[in-house]
Amino acid sequence: MKKFIYTFFTLISLFLNVENIINNIKNPFVIGSFELLVTGILIYKLYSNYNKNFKFKTVSTLFSLFMLIGDTFNKTNSFKLMFDNIYIFLLTIIRFSGYFILFSVLINKLFEFKINIKLKNKYLDFVFNKYPFISSFIIMFICWLPYIISFYPAILSPDPSNQIKQFFGIRTHYNESVIMLDENVLITNHHPVFHTVILGGCVKIGRMLGSDNLGLFIYSIIQITILISTLALTIKYMKKLNTPIWLRLCILLIYSLVPVFPLYSISAVKDVIFGCLIILYIIFIFDLIKSQNLSIKKCIYIGLLILGIMLFRNNGYHVILLSSPFIILSNRKYLIKLLCLFLIPILIYKGYTDVLLPKLHITEGSIREMLSIPLQQTARYVKYHENELTQNDKEIIDKILDISDLKDRYDPTFADNVKNKFNKYTTNEDLKKYFNVWFKGLIKHPITYTEATINNTFGYFYPNTYRWYIYYNYDSRLKDCGFDYHYNNLDNLRNILSSYGVLFPYIPILGLIVNIGFNTWLIILIFSFIIKLKKYKYLNYLIPSIILILVCIASPVNTYFRYALPNVFAMPIIICMYLNIRKEVVYEKEISSFNTVL
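Going by my numbering, the sequence shown opens with residue 1192, and the numbers climb by one from there.
This is the structure:
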């Protein structure tokens, strides 16, 4: 009887459309009766074959909440589908229970799951054992070649287009959002100056050779080489981890055939090279835990890597700053080396941002970039509770945000519309007064603030949504400013490849590879599995990914693939590292059992 109840609750969780119930639509389920019956039989069979206590309760609770909260905010931008009335609240309890039971069973089965596939083939041995790096590099390059040719010279989105314009002294909206140190120096550090100079420098070289397009292609070749080399290096490192050849083959196929990899390799955004550096940083952390080896030569290499992470993305500084204490304290054997390894690049970076850039009259980015969460909360508060604000409160908000059309500018999943009217002349005193008003709003309507934040972040935890995914459209910003940037005439091939890219997330099972919410779930799962295995020292290699999730939460856009790119691209090697940890635990148990027998 208990299994029937579990099955019933799970079916309600998976297929009941609460929005239909609220709107009095007759059919409350998203699938037909036959499909519901077949699914129910399969779920009942799954539960009948599971006779253990529920484990991983904390993770199951989290995932259940992610599903419920994600569903309601994806459809209504609020908690409506969870708490609209007492009847809906009771349904929420049932749906939570159904999800909790399902996730508890699936997570436990996944934790205990073992697969033993052995592939022996001279060609596979050649690719994955004899020449893993160069073989993987060539295979990926061949598979990516249609994208490289059809999207020649590069895919430009608004950010890199504006970076190039700044490099060539053309004013952009970034200049309007800050108080310029020098009106003649239009480059700002809103986007990392280091990346802007590399990107703009390549275009300048191309222009000297007679073609802006050629310059963009030079940048593309550099970025393609870096990304393919990094991914090929992970394949090589998997050999060191004794990852099964069948899994290495699957990962190489993912790298080669999943469209986000080639499409982003030719997208001139800073996140691609930054993502590569994050992958190398994760490998460094894991290798340090495994080998406990830190030579001077390796320190120099890692020091440059750490500096690169901070130079290629402004939030790279926070990744390094927040992850370094964990790495240093858990490897006290190399305390002095690690202190120097992190401290020297950090000091160089601070000298670069706080001394060199101001000396070159390069303006820092606006403080508004750090205020996405409170500004969105204020905008939502004004939209729904403006009548509760005093005239003084309105004047304080107006001084930094322009309250006249604030509620119309409010977009639940995109903070830039609100932030774009942030007053660049805002003083510390203005901010102090604003946060006093902000705090009063928090006390009065905490649910409104909570809804504003969840609206802007739920896609990073909810796997049933896709937004802001890939770039493939032609961006005319440079052409409008006189640059010779254009695609070639391979329109049909571009349309086919871009359509494949757009449709890929919706392919059952395979689409999860590029799903941001699912990627976050995997990080949480691996974290919990490592704790269950009592291999706490290995938690360190997940810290960069966890910090990047927090960065996504603080970001201005919900479910932006570019922000989550480092974690998605690093996931194959992260999984292989976990499997290596599990293998280590099995080996230790076998040794312990053997010693006990002796």
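Think of the CB as a built atom: it goes at the ideal place given N, C-alpha and C, for glycine as much as any other residue.
Within its chain, find whatever has a CB closer than 7 Å to the CB of residue i; leave out the 5 residues flanking it on each side and keep chain order.
i	result
THR1387	GLN1354, GLN1357, PHE1358, ILE1378
VAL1209	LEU1272, ILE1279, LEU1282
VAL1221	PHE1206, ASN1208
SER1514	ILE1734, PRO1735, ILE1738
Relative to the alpha-carbon of residue i, which residue among the options has its alpha-carbon at the smallest distance?
i	options	result
PRO1757	PHE1452, ARG1773, CYS1334	PHE1452
LEU1253	SER1288, SER1456, ILE1232	SER1288
ILE1415	SER1456, LEU1444, LEU1443	SER1456
LEU1534	PHE1630, PHE1245, LEU1512	LEU1512
VAL1449	CYS1531, TRP1335, SER1482, VAL1384	TRP1335
LYS1624	SER1458, ASN1583, TYR1338	ASN1583
ILE1714	GLY1702, PRO1699, LEU1741, ASN1218	LEU1741
LEU1372	TYR1290, HIS1552, THR1641	HIS1552
PHE1206	TYR1691, VAL1229, LEU1440	VAL1229
VAL1463	THR1711, ASN1679, GLY1499, LYS1488	GLY1499
ASN1683	PHE1304, LYS1305, ILE1340	ILE1340
ILE1213	ASN1240, PHE1264, THR1201, ASP1275	ASP1275
LEU1566	LYS1217, LEU1297, ALA1745, TYR1322	ALA1745
PHE1324	SER1420, GLY1702, GLU1226	SER1420
LEU1390	ASN1375, TYR1241, ILE1409, CYS1531	ILE1409
TYR1197	VAL1609, SER1224, THR1656, PHE1291	PHE1291
ILE1721	ILE1594, THR1201, THR1363, GLU1303	GLU1303
Assuming contact is defined by CB atoms lying nearer than 9 Å, are residue i and residue j in contact in what I supplied?
i	j	result
PRO1654	GLY1261	yes
ILE1476	ASN1731	yes
ILE1704	ILE1445	yes
LEU1454	PHE1342	yes
SER1295	LYS1246	yes
PHE1280	GLY1231	no
ILE1234	LEU1293	yes
HIS1509	ILE1737	no
CYS1767	MET1258	no
ILE1518	LEU1479	yes
TYR1338	LEU1592	no
ARG1658	THR1711	no
SER1368	ARG1559	yes
LEU1471	LEU1496	yes
LYS1635	GLU1586	no
GLU1642	SER1269	yes
TYR1662	ARG1685	no
ILE1493	ILE1765	no
ASP1350	LEU1669	no
LYS1305	SER1239	no
TYR1575	THR1648	no
LEU1400	CYS1467	no
PRO1435	LYS1321	no
Residues in its own chain within less than 6 Å of residue i by CB, not counting five upstream and five downstream?
i	result
TYR1769	ILE1717
LEU1597	ALA1570, VAL1573
TYR1691	PRO1450
ASN1506	VAL1742
To which residues of the same chain is residue i closer than 8 Å at the C-beta, ignoring the five residues directly before and after it?
i	result
LYS1726	ILE1772, GLU1775, VAL1776
LEU1407	PRO1344, ALA1345, LEU1347, CYS1393, VAL1394, GLY1397, ALA1459, TYR1676
TYR1543	LEU1502
THR1249	SER1719
LEU1789	The pLDDT assigned to LEU1789 is 49, lower than 50, so where the model puts this residue is not dependable, and the model offers no usable value.
ILE1330	VAL1318, LEU1443, SER1447
ILE1185	For the chain, the structure presents residues 1192 to 1789; residue 1185 sits outside this window and is missing.
TYR1616	ILE1370
THR1267	GLU1210
Which whole-angstrom value is the C-beta distance of residue i and residue j, which I expect to be below 8 Å?
i	j	result
ALA1755	CYS1743	6 Å
PRO1747	ASP1607	5 Å
ILE1700	PHE1752	Contact flag wrong, Cβ pair sits at about 19 Å.
ASN1380	LEU1548	6 Å
ARG1523	LYS1461	ARG1523 to LYS1461, Cβ: 35 Å. No contact.
LYS1528	CYS1490	6 Å
LYS1243	ASN1299	7 Å
ASN1614	LYS1590	6 Å
THR1750	TYR1601	That pair is no contact at about 18 Å.
LYS1728	SER1482	Contact flag wrong, Cβ pair sits at about 13 Å.
THR1656	ASN1265	5 Å
TYR1660	PRO1696	7 Å
So does residue i have its beta carbon nearer than 8 Å to some heavy atom of the ligand GDP?
i	result
LEU1520	The ligand GDP is absent from the structure shown, which contains no ligands of any kind.
Using a beta-carbon distance below 9 Å, is residue i in contact with chain D?
i	result
VAL1250	No chain D appears in the structure shown, which is made up of a single protein chain.
(request) Counting only runs of 4+ residues fully inside the region 1283 to 1311, write out the alpha helix (DSSP H) ranges in chain order. (result) Within the region 1283 to 1311, no complete alpha helix (DSSP H) run reaches 4 residues.
(request) At 4 residues or longer, and completely inside the region 1608 to 1675: list those alpha helix (DSSP H) runs for me, N to C. (result) Restricting attention to alpha helix (DSSP H) runs no shorter than 4 residues, the region 1608 to 1675 encloses them at 1619 to 1635, 1637 to 1646, 1668 to 1671, ordered along the chain.
(message) Runs of 4 residues minimum, wholly inside the region 1680 to 1744: which ones carry the alpha helix (DSSP H) assignment?
(response) Those alpha helix (DSSP H) runs which fall completely within the region 1680 to 1744 and span 4+ residues are 1682 to 1694, 1707 to 1723.
(message) So within the region 1492 to 1576, which uninterrupted alpha helix (DSSP H) runs reach at least 4 residues, ignoring any that extend past its ends?
(response) As far as the region 1492 to 1576 is concerned, its whole alpha helix (DSSP H) runs of at least 4 residues are 1507 to 1520, 1526 to 1542, 1563 to 1576.
(message) If we require 4 or more residues per run, which alpha helix (DSSP H) segments fall completely within the region 1195 to 1247?
(response) Whole alpha helix (DSSP H) segments, 4+ residues: 1209 to 1213, 1224 to 1239.
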